[in-house]
Amino acid sequence: MRLSRLFTLAIPVALATGGAAWFLNLGQPTEPRLEYETAVIEKGTIRRIVSTSGPVRALVTVSVGSYLSGPVESVNADFNSEVKPGDVLAKLDRRTFAAKVAEAEANLLAAKAALANQKAALIKAEAVLLNSERTIERQRSLAQKKFASEQSLDNAIRDRDVARAEIAVVKSLIETADAQIVQRQAVLESARVDLERSEIKSPIAGTVISRSVDPGQTVASSFQAPELFKIAQDLSRIRIEAQVNEADVGSIAEGNPVTFSVDAYPDREFEGRVTQIRLAATEINNVVTYTVIIEAKNEDRRLFPGMTANVRIESARRDGVLRVSNDALRFRPRGEIAGSDGGTKGGADRSARTVERLKGELALTDSQAEKLKAEVQAIGAEARADSQGGGFAAARPDPSAFRMKLNMRIEQVIVPTMSEEQRKIYERWKKGRESTRAAALWALDAAGKPERRMARVGLADDQFTEIVGGDVKEGDKLIVRVREAKK
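Start counting the sequence shown at 417; every next residue gets the next number (my numbering).
So, in structure tokens, the structure goes:
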């Protein structure tokens, strides 16, 4: 009976105690367990790609027109016809042009006949002059013997002067006749050229890709030569006129490799190379683009002029470099503020690593490294002095400000002490840093907590970013994302 009573009293006490404990635990939630997903730093290839599109064109396209007007008599070439230089593509009605040639030939013959007449007149005038001079001699002899009057002598001299003037006139007419012959020859040559141009011929070897004339059609070339045919010179090679945004054109250079596809062959990838970057800009709706010319082989003639090519230009490439997933650069632990240096001890450790790293990269001597260490410590002291009284946010110095001051101190203090060889190394290092940037990466420490690692990163593509240097190495695992573990 006593045991039964004790058991009856114990049950409510136990329930009350358990309920109180459960109620108290509701107000003290446990910290969730986190699971970190990591990516390994490995060696590989990084390709920076600029994607765009543009039409496929023949390397050389020639528009063939007509200099003359008239009805088309025949058309000898059609679409896709293979032609050679001199092949007759079409003929205009030749009768009008042939008649002009015949007229010009007749006018030339008339001019030549007129020249012959003037030359005969010259011979006649010279004979008259010779006779006049002989008459003067006879009249002078007779006048001296008083057998002829002075009047007769004067008449003979007059006839000689008239004969001389006649010769001058005939010579002038001969020069005019010569000029007329030259003119008539030019007119004849022009008429023959027009007659020849009535046959429209191919200027190059290639393929007819456009025809806009039919037999019986009248061609009018009053103001400009109408386009009758369009010929692609060599379709075994093509070019693409890709439009590249102004933000991307600076990274493209002649010789960059290109891959592209067309909708006609979606499963096939073609290769080409950048051959020209045109300086003329095109602006449409405040969007500025530049034309980049890409050349590619087309030996099987699968690519047709006018197709739209989806282009991928490889503007930069790094092979065998350290790389990490882009997600690692985007990761930040919960509560982390960008620019946090992790406290005094963490900042001191990073300062030591910075000096050691720069000593190796710049091939510094021990004395130069000591000077650099003093400058790094001075910069850190300045940052701590500036942060005093600035609150939580001010206690975290800006890494970009630190790098700017460090570069300035290196330029002012360390560079003047460098040898010629060290200066060359420094210039290469400086140029390399201009194309890289600092980034904070996160790895797990021995306790399984996120630990920040500073690194310099360079080229990036859609998946990976190049690691140039810093507190990481090949094989390190970097955090890319975090999630709460399932209970």
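We put the CB at the ideal spot given by N, CA and C, even for glycine. A quick note: this is a predicted structure, and the numbers were derived from the prediction, not measured.
Boundaries (first-last residue) of the beta strand (DSSP E) holding T691: Locating residue 691 in the sequence shown gives position 275, counting from the first residue. Its beta strand (DSSP E) spans residues Y681 to I700.
A768 beta carbon near the ligand PLP (any heavy atom closer than 7 Å): Among the ligands in the structure shown, none appear at all, so the ligand PLP cannot be discussed.
Whole alpha helix (DSSP H) elements within the region 550–634, 4-residue minimum: 566–613
Which listed residue (Y452, T468, V456 and V690) has its alpha carbon closest to that of S889: Along the sequence shown, read from residue 1 onward, the residue named residue 889 stands at position 473. Note that residue 889 is Lys in the sequence shown, not Ser. Of Y452, T468, V456 and V690, the residue nearest in Cα terms is V456.
Run of the beta strand (DSSP E) containing E900, from where it starts to where it stops: As a working note, residue 900 is residue 484 in the sequence shown. Segment K893 to E900, the beta strand (DSSP E) holding E900.
Nonlocal neighbours in the same chain, by C-beta distance under 8 Å from L872, ignoring five residues either side: In the sequence shown, residue 872 corresponds to position 456, counting from 1. Rather than Leu, the amino acid found at residue 872 in this sequence is Arg. Closer than 8 Å at the Cβ level, and outside the excluded window around R872, lie R849, T852, R853, A854, A855, I883, V884, G885 and G886.
Which of helix, strand or coil DSSP assigns to K500: Reading the sequence shown from its first residue, position 84 is the one you call residue 500. In this structure, K500 counts as coil in the three-state DSSP scheme.
Delimiting residues of the alpha helix (DSSP H) encompassing A663: Translated into the one-based positions of the sequence shown, residue 663 becomes position 247. It spans E662 to V665 - the alpha helix (DSSP H) in which A663 sits, taken as one unbroken run.
P832, DSSP secondary structure in three states: Mapped onto the sequence shown, residue 832 falls at position 416. The answer is helix: DSSP assigns P832 an H, G or I state.
Range of the contiguous beta strand (DSSP E) that encloses L860: Position 444 of the sequence shown, counted from the start, is the residue given in the question as residue 860. Here the beta strand (DSSP E) through L860 covers R853 to L860.
Cβ neighbour criterion (16 or more within 10 Å) applied to D683: In the sequence shown, the residue the question calls residue 683 occupies position 267. It is exposed - the Cβ of D683 has fewer than 16 other Cβ atoms within 10 Å.
Rounded separation between E634 and A506 - CA only: Within the sequence shown, numbered from 1, the residue matching residue 634 stands at position 218. Within the sequence shown, numbered from 1, the residue matching residue 506 stands at position 90. According to the sequence displayed, residue 634 carries Thr and not Glu. Answer to the nearest angstrom: the Cα atoms are 12 Å apart.
Assigned secondary structure, F904 (DSSP; H/G/I helix, E/B strand, else coil): An answer regarding residue 904 cannot be provided, because it is not within the stretch 417 to 903 covered by the chain.
Host alpha helix (DSSP H) of N742 (start-end): Looking up residue 742 in the sequence shown gives position 326. First-last of the alpha helix (DSSP H) with N742: N742 to R746.
Residues sharing a beta bridge with K535, DSSP: As a first step, residue 535 is located in the sequence shown; it is residue number 119 there, counting from the start. Its beta-bridge partners do not exist; DSSP assigns none.
Cβ-based burial, Q879 [other Cβ within 10 Å; buried from 16]: Here residue 879 refers to the residue found at position 463 when the sequence shown is read from its first residue. Its Cβ having fewer than 16 others within 10 Å, Q879 is exposed.
Burial state of D610 (16 or more Cβ within 10 Å): Start at 1 with the first residue of the sequence shown, and residue 610 comes out as number 194. When all chains shown are included, D610 counts as buried.
Residue range of the unbroken beta strand (DSSP E) whose run includes P673: Residue mapping note: residue 673 aligns to position 257 of the sequence shown, counting from 1. Run containing P673: P673 to V678, per the beta strand (DSSP E) assignment.
M824, DSSP secondary structure in three states: Position 408 of the sequence shown, counting from 1, holds the residue named residue 824. In the structure shown, M824 sits in a helix (DSSP, three-state: H, G or I).
Exposure label - T833; buried when at least 16 CB within 10 Å: By one-based count along the sequence shown, residue 833 stands at place 417. Burial call: exposed.
Residue closest to G671, alpha-carbon to alpha-carbon, out of R844, A680, T691 and E837: By one-based count along the sequence shown, residue 671 stands at place 255. For the residues R844, A680, T691 and E837, the minimum Cα distance to G671 belongs to T691.
Residues of its chain near Q793, where Cβ-Cβ distance is below 8 Å and the 5 sequence neighbours each way are ignored: Working through the sequence shown from its first residue, we reach residue 793 at position 377. Taken in chain order, the residues that qualify are S767.
Three-way DSSP call (helix, strand, coil) for E670 in this model: Numbered from 1 along the sequence shown, position 254 holds the residue referred to as residue 670. Here E670 sits in coil by DSSP.
E553 versus L538 - alpha carbon distance: Position 137 of the sequence shown, counted from the first residue, corresponds to residue 553. Position 122 of the sequence shown, counted from the first residue, corresponds to residue 538. Their Cα atoms are separated by approximately 23 Å.
Proximity below 8 Å, CB of L644 to CB of G481: In the sequence shown, counting from the first residue as 1, residue 644 sits at position 228. In the sequence shown, counting from the first residue as 1, residue 481 sits at position 65. Cβ distance < 8 Å, so L644 and G481 count as in contact.
Rounded separation between T724 and P471 - CA only: Here residue 724 corresponds to residue number 308 of the sequence shown, with the count starting at 1. Here residue 471 corresponds to residue number 55 of the sequence shown, with the count starting at 1. Spanning the two alpha carbons is a distance of roughly 5 Å.
Assigned exposure category for E791 - 16 Cβ within 10 Å defines buried: Walking along the sequence shown from the start, residue 791 turns up at place 375. When all chains shown are included, E791 counts as buried.
Assigned exposure category for A529 - 16 Cβ within 10 Å defines buried: Position 113 of the sequence shown, counting from 1, holds the residue named residue 529. The residue in question, A529, is exposed, as its Cβ has fewer than 16 Cβ neighbours within 10 Å.
Start-end ranges of the beta strand (DSSP E) lying completely within the region 444–486, minimum 3 residues: 450–456, 458–474 and 477–481
A863 - DSSP class collapsed to helix/strand/coil: Here residue 863 is taken as the residue at index 447 of the sequence shown, counted from 1. Note: A863 maps to coil in three-state DSSP.
Reference N742, options E519, A876 and E843, closest by Cα: As a first step, residue 742 must be located in the sequence shown, where it is residue number 326. The option with the nearest alpha carbon to N742 is A876.
Burial state of V628 (16 or more Cβ within 10 Å): Counting from 1 along the sequence shown, the entry for residue 628 is found at position 212. The question names Val, yet the displayed sequence has Ser at residue 628. Label assigned to S628: exposed.
Contact check, S490 vs V624, beta carbons under 8 Å: As a working note, residue 490 is residue 74 in the sequence shown. As a working note, residue 624 is residue 208 in the sequence shown. No, Cβ-Cβ distance for S490 and V624 is not below 8 Å.
CA nearest to the CA of G622, picked from R868, I841 and V499: Residue 622 sits at position 206 when you count from the first residue of the sequence shown. The option with the nearest alpha carbon to G622 is V499.
Spatial neighbours of V504 in its chain, beta-carbon cut-off 6 Å, leaving aside the 5 residues before and after: Looking up residue 504 in the sequence shown gives position 88. Taken in chain order, the residues that qualify are N492, E615 and K617.
Three-way DSSP call (helix, strand, coil) for G885 in this model: The sequence position of residue 885 within the sequence shown is 469, counting from 1. Residue state, collapsed to three classes: strand.
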